[in-house]
Structure formats: structure tokens, C-alpha cells
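Asker:
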Amino acid sequence: MTRRIAWLGGASLLVGISGTLLAQESLLPPGFDSPPAQSRPAPARSPSPTQGRSATPAPAPSAARPAAAVAGAAPSAAPSATSIPVVQALPAGASPAASISPDGSDQALLDSLDPALLEKLIQSARPKFDIPPSAQRSLDIVGVVDEREGGFPAASTHYLNGPFVEGVIGKMSGRFVSRWGHMLARRAMASRLATPVGMSGADWAAIRAQLLLRMGEADVARAMVQSVDSGHFTRSLEDAAMASFLATADPVGLCPITALTAAGRPGWDWDLSRAICSAFTDEGSPAMSQLDRALRRGTGSKIDILLAQKFAGAATNARRAVKIEWNDVNTLTPWSIGMAFATGLEPPETLRSKAGAAYALLAARAPMLPLTSRAAAAETAAARGVLSGQAMVDLYSQLYSWRDTNGGEGEADEWTGRAETLRAAYVSKEQADRFEAIRKLWGDGSDPDRAYSGLVLTSYASARLVPSQGLSDSAASLIASMLTAGLDRNALKWAPYLPVGSEGWGLVVLANPARATQVGNEGLNAFADDDDSEGSLRSRFLLAGLMGLERVDAAAARDFAGKLEVDLARQTRWTRAIDAAAASDNQSLVALLAAFGMQGDRWDRMTPLHLYHIVSALHRVGLDGEARMIAAEAVARV
1 MTRRIAWLGG ASLLVGISGT LLAQESLLPP GFDSPPAQSR PAPARSPSPT
51 QGRSATPAPA PSAARPAAAV AGAAPSAAPS ATSIPVVQAL PAGASPAASI
101 SPDGSDQALL DSLDPALLEK LIQSARPKFD IPPSAQRSLD IVGVVDEREG
151 GFPAASTHYL NGPFVEGVIG KMSGRFVSRW GHMLARRAMA SRLATPVGMS
201 GADWAAIRAQ LLLRMGEADV ARAMVQSVDS GHFTRSLEDA AMASFLATAD
251 PVGLCPITAL TAAGRPGWDW DLSRAICSAF TDEGSPAMSQ LDRALRRGTG
301 SKIDILLAQK FAGAATNARR AVKIEWNDVN TLTPWSIGMA FATGLEPPET
351 LRSKAGAAYA LLAARAPMLP LTSRAAAAET AAARGVLSGQ AMVDLYSQLY
401 SWRDTNGGEG EADEWTGRAE TLRAAYVSKE QADRFEAIRK LWGDGSDPDR
451 AYSGLVLTSY ASARLVPSQG LSDSAASLIA SMLTAGLDRN ALKWAPYLPV
501 GSEGWGLVVL ANPARATQVG NEGLNAFADD DDSEGSLRSR FLLAGLMGLE
551 RVDAAAARDF AGKLEVDLAR QTRWTRAIDA AAASDNQSLV ALLAAFGMQG
601 DRWDRMTPLH LYHIVSALHR VGLDGEARMI AAEAVARV
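Each residue of the sequence shown is one higher than the one before, counting from 1 in full-length UniProt numbering.
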């Protein structure tokens with residue numbers, strides 16, 4: 001209201017000044033100061049893109065609502081010298097002062113203004129887009145990966161209930177027991193999907209970006225945020241944008257948002273962001289002054305403000321040295337991690353270790369960090385599913401090239417040594433030497449994440465080994481390594497060397513893309529006899545996977561389930577939901593509910609009942625590859 005009164009006051013002052021000038025003698029040649037016969041009408045506004053589907057039509061903005069609050073307004077053309085609105089002349093005998101609200105009411109003041117001028121004032125206050133209206137993207141379908149590029153069908157979420165979808169995604173922690181489950185969830189969250197009913201397109205992007213951030217997928221989360229035009233951001237999408245751009249060490253990416261929808265957002269983080277953006281828009285001195293005031297007032301933590309000062313100082317000519325000290329810092333926050341990366345700094349080892357996976361998942365993809373630091377963080381990222389086997393090989397190749405460029409000198413630590421070992425796993429002439437290098441990269445298995453990341457790292461090297469009887473004792477680990485990259489056909493080559501009932505046999509039976517023979521009592525009982533897992537969990541997972549893939553004899557499955565005391569017929573609210581999604585052939589909803597059922601830190605937190613319904617639902621909707629890999633992973637990681 002204050003802003004609108006200020007507009008009207010400025011317009012009234014303009015009317016008074018114009019009336020005074022009309023009473024004076026013109027100094028221009030005849031005809032130059034003559035107003036046109038009629039003022040040019042205001043340009044028509046183009047309709048804004050669809051803001052998302054809702055259960056009830058959205059009400060039209062009220063005329064009394066401030067124009068700045070109308071999201072998605074089309075930009076107005078900048079006024080030119082030929083389109084300046086003409087101010088109405090005062091009636092004869094009227095004084096300028098009389099034109100300012102004669103009866104003291106705002107309505108009288110509005111009536112005294114020229115409609116064209118009022119329209120210009122309103123248009124000038126609307127949010128400005130950096131793209132023309134015709135190029136603004138619709139919010140009916142939001143996402144990054146199209147169906148033609150490997151995403152899920154867009155229409156699969158068209159009729160879903162928005163509050164239900166928001167509740168499911170919002171309750172996910174982002175930590176999944178299965179690496180393949182993580183990749184399935186990432187694919188579902190990144191797909192270009194229709195906005196569910198009762199939800200805005202911006203919020204649909206926001207909840208998925210927030211889950212991707214919890215999963216450690218910062219780059220995909222940022223791409224999701226950027227799939228929506230800045231002028232359409234909601235508060236939840238602004239929060240997702242703040243976290244995404246910080247996680248990718250790009251605070252300047254927030255500048256279009258801080259200039260539009262988040263221009264008035266309160267909070268120390270938004271204040272610091274606006275100061276940083278001011279520094280990068282030729283306003284260096286005021287920006288540094290704002291940060292100095294924030295430091296004196298204690299707005300935010302000291303380390304956060306100092307990092308903001310260091311980053312903003314790179315855009316100014318102040319030549320100020322900002323010293324970053326970590327002595328008084330107890331924990332790393334998303335802001336301190338992102339801003340440290342943006343300034344090319346690496347926090348101390350004690351703080352990195354304390355932050356754990358929250359730091360490692362971001363550091364593994366931060367190109368400004370030393371290669372050895374990224375390699376250390378990549379172990380967690382590979383085990384979770386953030387990094388693929390190819391990405392791991394690329395990272396270790398850079399380590400080897402760095403060592404080779406320095407003539408073999410430099411920091412000879414375990415990571416450059418592992419890079420040399422990985423090279424030996426590929427290029428050694430003797431197969432025995434290649435296998436020995438692979439086995440060395442696996443480690444002793446004391447750290448589960450590191451042990452599994454070793455399998456991911458050696459997946460393609462394992463596939464290059466020629467199957468032989470001499471390596472049959474290690475066949476299960478080699479097959480598990482190959483399956484981390486989905487190399488199922490390479491794994492099948494080991495089938496002739498696998499005894500029925502062995503762990504390797506169980507993995508191949510689950511991973512086989514075209515198995516037709518049903519598993520009977522002989523194979524199941526032999527597998528259970530060699531099972532050394534606690535509570536025969538590996539045998540239970542094998543049964544759940546085979547039943548979900550429909551690869552076991554029904555009578556044998558009943559007998560084996562009774563022997564292991566497994567009840568796969570029990571129903572819960574979740575099992576009914578995922579079965580209904582599979583019955584409707586909805587891949588996106590099945591993937592979403594499958595990810596919901598795979599939350600946890602370790603596979604011993606997973607139940608055979610959940611595994612059976614996940615594998616079965618994925619298999620029924622055509623996601624057979626994911627179903628087979630998840631079932632095999634469950635057996636391999638127990």
C-alpha cells in the first residue's frame with residue numbers, strides 16, 4: 001500500500017508540474033509542443049504461461065492487488081520518446097494544488113489521473129522476465145530428462161493427486177539401501193513429468209529438487225530448478241534454488257531470483273545473496289558495506305559472512321584481504337560448504353570428517369578441489385549411486401595423468417597409488433596380474449561403503465577377464481562388480497563355472513535378462529546350505545527376488561518360504577499402493593513408491609516383503625532391468 005501511495009503521489013506531482021508549465025509561454029517552435037489528437041492506447045498484455053493445474057480454477061487477480069504480486073506477468077516494453085503518455089491539462093481556473101485529492105480520498109486522486117499514465121505506472125512495477133512472453137515455458141510439464149532421452153512418460157503423473165505425491169516425496173530422507181534404487185529415484189525425479197492435480201508447476205519442481213539435494217544430486221537439482229522461469233518461482237522453489245546453487249558453488253546463479261520474486265525475502269542468507277549480487281553488478285562498494293554491516297550486527301554466522309566477503313571481493317576493486325579462519329567453526333553448513341568451494345577453499349579435515357556424507361557427496365563433483373580430495377569423497381558417492389563406474393575411472397585417470405605429468409614426483413599417497421593399480425587392472429599382460437590388481441582395489445571389506453565402491457571402480461575391468469575355472473572361487477565378487485554397471489551379459493559368461501546353489505549362481509539366475517527355466521527345490525536348498533548371512537537373509541532375498549521376477553516354481557517357493565518362515569503374502573498400506581500402481585501400469589508412480597520402500601542405511605534394514613513387492617512391481621510395468629539389478633544387489637550386499 002505504501003508503494004502504491006508513493007506512485008500516486010509522484011503522479012499527482014507530475015500533474016501539478018504539467019499544469020504549471022502549460023501556463024507558461026512555450027520556447028519550442030510552433031507545433032512541437034502540441035499534444036496529439038488522442039493518446040496512444042496501452043499495449044495489450046500477452047497471456048502468461050500456465051502456472052500449473054489445480055483442482056479448482058484459480059481466481060483472477062483483483063484490480064486493487066499490487067501489480068508486483070501477480071506472478072507470470074508479461075514484460076512491458078520500455079517507454080520511448082514517442083510513447084510518453086500525455087498528461088491531461090487542468091480545467092480552466094483550477095490550481096495545481098486542487099488536483100491533489102480535492103475531497104481527500106484516494107479514489108478522487110485515481111480519477112484525476114490519465115488512464116494511460118496509470119497503466120504505465122502499473123506496468124513498470126511488474127516483474128521483468130529475461131525472455132519474451134512467447135518463449136516462456138509452460139508449467140504443465142516440468143523436468144529435465146524427456147521420455148525420448150530415457151525419462152519416464154510425462155503423462156504418468158497427469159492424474160496423480162498433488163498432496164499425495166508431495167507427502168510421499170517430502171517424507172523421503174534421500175538415503176536408499178540400494179545403489180540401483182538410488183539411480184531409479186534419480187531418474188524419476190529428473191524426468192519431465194506432468195504437474196499433478198492440485199499442485200503448481202513451480203512447487204512440483206521444488207519438491208523434486210529438494211529430494212535430489214538430500215540424495216546428494218546437486219547438479220540434477222540445479223537443472224530442475226532452472227527448468228522453471230525465474231519470474232514464476234514460489235517460495236518453496238526459491239528455497240530449493242538457494243540450496244541448489246550453493247551446493248554447486250554458484251551463488252551468482254541466484255541473482256536473477258533475488259532481483260525478481262525473492263527481492264523482498266527476509267533472512268540472513270537472502271541478505272548476503274543480494275549483497276553478493278550487488279557486487280557483481282558494478283556496485284562493489286555498497287555491497288561490501290552491506291557485508292561489513294552484517295558482520296558487525298552478527299547477521300548469520302561469522303564464517304558465512306567472511307566467505308561471502310571473500311567471494312564478493314573478487315568482483316570489486318577494493319583489494320581487501322579477507323582471512324578465513326576455521327578455528328571457531330564447529331560444524332559445516334550448506335552455506336559454508338558451498339561458499340568455501342566457490343572461493344576455492346577446502347575446509348579442514350576434522351570438519352570434513354564430522355560432516356560425513358553431506359560433505360563427501362558435494363566434494364566428489366567439485367572441480368575446484370584437489371584430485372586426491374575428490375577421490376576420497378568419491379568412495380561414498382560411488383557406493384550411494386551418485387557416481388557411475390565410468391565416472392570413477394575418469395577421476396582415477398586424471399589422478400594418474402597428474403602423477404605422470406609431474407614425472408612421478410609429487411604427493412605419493414594412497415590415491416595416486418590406487419590409480420596406478422587401476423591401470424594395471426586394465427593393461428597388465430597376464431590375466432593373473434590383472435585380477436590381482438582388481439582384488440587389491442576391493443580391499444579387505446572392513447568398510448562397507450569403500451568395499452562396494454571398489455566393486456563399482458573395477459566393474460569394467462572385471463568384465464575384461466576371461467572366465468576360467470581358476471577364478472571360479474572369486475566369480476561371485478567379479479559378477480557383483482560387473483552388475484554394479486549393469487553388465488549382465490558379461491556376467492552370464494561365468495555360468496558354466498558356477499556350481500548350482502553358489503552365490504555366483506544366485507546372482508546370475510537373478511540377473512539373466514532372458515531366463516526361462518524355473519528354479520526348483522534343488523537350487524534353493526543348495527543355496528540355503530551355503531548361506532552364512534545372519535538369519536539366512538541372503539536366502540530370503542533370493543526367494544523374494546525370484547518370486548518377484550516369476551522365476552521360481554510355485555510349489556518350491558511355498559516350501560522354501562515355509563522353511564525360512566517368510567510371509568510374502570502379508571499386506572500393508574504401502575504394498576497395496578505399489579501393487580495398485582503396477583496394476584495401472586504407471587512407471588513413475590511405481591518408481592516413486594519403490595524408492596519410498598528402499599529407504600535405509602543398510603540392507604539388513606530391508607525386509608524380504610518389501611524387496612518382493614518392489615521387484616514384482618518394477619517387473620510388471622516393464623522396468624525389468626532395474627528389477628533384476630536390485631534383486632541381484634540385495635543378494636550380493638548382505
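Think of the CB as a built atom: it goes at the ideal place given N, C-alpha and C, for glycine as much as any other residue.
In this text, all values refer to a predicted model and were calculated from it rather than measured experimentally.
#1: If you draw a straight line from the alpha carbon of Ser397 to that of Ala419, how long is it in whole angstroms?
#2: Helix or strand or just coil, what does DSSP make of Ile438?
#3: Taking Val165 as the reference, which of Ala577, Ile438, Arg551 and Met392 has the closest Cα?
#4: Pop quiz: Leu593 and Ala581 are said to be a contact at Cβ under 8 Å. What is the actual Cβ separation, rounded to whole angstroms?
#5: Classify Glu217 as buried or exposed, calling it buried when 16 or more other Cβ atoms lie within 10 Å of its own Cβ.
#6: If we ignore side chains and look at the alpha-carbon of each, how far apart do Asp553 and Leu568 end up?
#7: Can you give me the C-alpha to C-alpha distance between Gly253 and Leu609, rounded to a whole angstrom?
#8: Helix, strand or coil, according to DSSP, for Leu193 in the structure here?
#9: Which whole-angstrom value describes the C-beta separation of Gly201 and Val142, a residue pair presumed to lie in contact below a C-beta threshold of 8 Å?
#10: Are three or more beta carbon pairs between the segment 376-385 and the segment 354-366 nearer than 8 Å?
#11: According to the neighbour-count rule (16 or more other Cβ atoms, all chains shown, within 10 Å of its Cβ), is Glu633 buried or exposed?
#12: Comparing C-alpha positions only, which one of Ala241, Val466 and Pro196 sits nearest to Leu211?
#13: Determine, using beta carbons only, whether Leu246 and Gly338 come nearer to each other than 7 Å.
#14: Just reading off the alpha helix (DSSP H) that residue 648 is part of, what are its end residues?
#15: Name the residue from Arg175, Ala340 and Ser191 whose alpha carbon lies nearest to the alpha carbon of Gly600.
#16: Let's see if you can read the secondary structure: which residues bound the alpha helix (DSSP H) around Asp413?
#17: Ala355: which of Gly486, Gly520 and Pro334 sits nearest, CA to CA?
#18: Given Gln431, which residues of its chain have a CB within under 7 Å of its CB, disregarding the five upstream and five downstream residues?
#19: List in chain order: all unbroken alpha helix (DSSP H) runs of 4+ residues lying wholly within the segment 282-328.
#20: Taking CB distances under 7 Å as the criterion, tell me whether Ala190 reaches chain C.
#21: Can you check which of these residues, Arg293, Arg551, Asp219 and Pro266, is closest to Asp624 by C-alpha distance?
#22: Could you compute how far the alpha carbon of Met629 sits from the alpha carbon of Ala476?
#23: Just curious, the alpha helix (DSSP H) that Thr248 is in, first and last residue?
#24: Please classify Trp599: does DSSP put it in a helix, a strand, or coil?
#25: Return the Cβ separation of Met598 and Val177 in integer angstroms, given the expectation that the two are a contact with Cβ distance under 8 Å.
#26: Find out if the Cβ-Cβ distance for the pair Thr343, Lys310 is shorter than 7 Å.
#27: Taking Cβ to Cβ, would you say Arg222 is nearer than 7 Å to Ser244?
#28: Checking 7 Å against the spacing of the C-beta atoms, do Ile276 and Ala249 come in under that value?
#29: For Phe176, report the span of its alpha helix (DSSP H) as first-last.
#30: Check each candidate in Leu193, Gln518 and Ala314 and name the one with the smallest Cα separation from Phe280.
Answerer: Per the coordinate set shown:
#1: The residue you call residue 397 lines up with position 397 of the sequence shown. The residue you call residue 419 lines up with position 419 of the sequence shown. One C-alpha to the other measures close to 7 Å.
#2: Position 438 of the sequence shown, counting from 1, holds the residue named residue 438. In this structure, Ile438 counts as helix in the three-state DSSP scheme.
#3: Position 165 of the sequence shown, counted from the start, is the residue given in the question as residue 165. Comparing Cα-Cα distances from Val165 to each of Ala577, Ile438, Arg551 and Met392, the minimum goes to Ala577.
#4: On the sequence shown, position 593 is the one that residue 593 refers to. On the sequence shown, position 581 is the one that residue 581 refers to. The pair is a contact, with the Cβ atoms about 6 Å apart (cut-off 8 Å).
#5: Taking the first residue of the sequence shown as position 1, residue 217 is located at position 217. When all chains shown are included, Glu217 counts as buried.
#6: Residue 553 sits at position 553 when you count from the first residue of the sequence shown. Residue 568 sits at position 568 when you count from the first residue of the sequence shown. If I take the Cα positions, the gap works out to 15 Å.
#7: Locating residue 253 in the sequence shown gives position 253, where the first residue counts as 1. Locating residue 609 in the sequence shown gives position 609, where the first residue counts as 1. Using only the alpha carbons, I get a separation of about 45 Å.
#8: Within the sequence shown, the letter at position 193 stands for residue 193. Reduced to three states, the DSSP call for Leu193 is strand.
#9: Locating residue 201 in the sequence shown gives position 201, counting from the first residue. Locating residue 142 in the sequence shown gives position 142, counting from the first residue. Right, the Cβ-Cβ distance comes to about 5 Å (below 8 Å), so this counts as a contact.
#10: yes
#11: Translated into positions along the sequence shown, residue 633 becomes position 633. Answer is buried; the Cβ neighbour count reaches 16.
#12: The residue labelled residue 211 in the question sits at position 211 within the sequence shown. Comparing Cα positions, the closest option is Ala241.
#13: Numbered from its first residue, the sequence shown carries residue 246 at position 246. Numbered from its first residue, the sequence shown carries residue 338 at position 338. It is a contact, given that the beta carbons lie within the stated cut-off.
#14: Only positions 1 to 638 of the chain appear in this structure, which leaves residue 648 out of reach.
#15: Along the sequence shown, read from residue 1 onward, the residue named residue 600 stands at position 600. Ranking the options by Cα distance to Gly600, first place goes to Arg175.
#16: On the sequence shown, position 413 is the one that residue 413 refers to. Unbroken run through Asp413: none, as it is neither H nor E.
#17: The residue you call residue 355 lines up with position 355 of the sequence shown. With distances taken between Cα atoms, Ala355 lies closest to Pro334.
#18: Counting from one through the sequence shown, the residue named residue 431 turns up at place 431. Only Leu465 and Val466 meet the Cβ criterion.
#19: 284-297 and 302-313
#20: Of the chains in the structure shown, none is chain C; there is only one protein chain.
#21: Numbered from its first residue, the sequence shown carries residue 624 at position 624. That would be Arg551, whose Cα lies nearest to the Cα of Asp624.
#22: On the sequence shown, residue 629 is found 629 positions in, with the first residue counted as 1. On the sequence shown, residue 476 is found 476 positions in, with the first residue counted as 1. Answer to the nearest angstrom: the Cα atoms are 15 Å apart.
#23: Position 248 of the sequence shown, counting from 1, holds the residue named residue 248. Neither: Thr248 is in no alpha helix (DSSP H) and is coded neither H nor E.
#24: For the purposes of this step, residue 599 is identified with residue 599 of the sequence shown, where counting begins at 1. Looking at the sequence itself, residue 599 is Gln, so the reference to Trp does not match. It is a strand residue.
#25: Translated into positions along the sequence shown, residue 598 becomes position 598. Translated into positions along the sequence shown, residue 177 becomes position 177. Indeed they touch by this definition, with Cβ atoms about 5 Å apart.
#26: Counted from its first residue, the sequence shown places residue 343 at position 343. Counted from its first residue, the sequence shown places residue 310 at position 310. Closer than 7 Å, so yes.
#27: Taking the sequence shown and counting its residues from 1, the one referred to as residue 222 is at position 222. Taking the sequence shown and counting its residues from 1, the one referred to as residue 244 is at position 244. For Arg222 and Ser244, yes; Cβs fall inside 7 Å.
#28: What you label residue 276 is simply residue 276 of the sequence shown in a count that begins at 1. What you label residue 249 is simply residue 249 of the sequence shown in a count that begins at 1. No, the pair does not count as a contact, with Cβ atoms beyond the cut-off.
#29: Position 176 of the sequence shown holds residue 176. It is not in any alpha helix (DSSP H) - Phe176 carries neither H nor E in the DSSP assignment.
#30: To locate residue 280, count along the sequence shown from 1; it is residue 280. The candidate whose alpha carbon is nearest that of Phe280 is Ala314.
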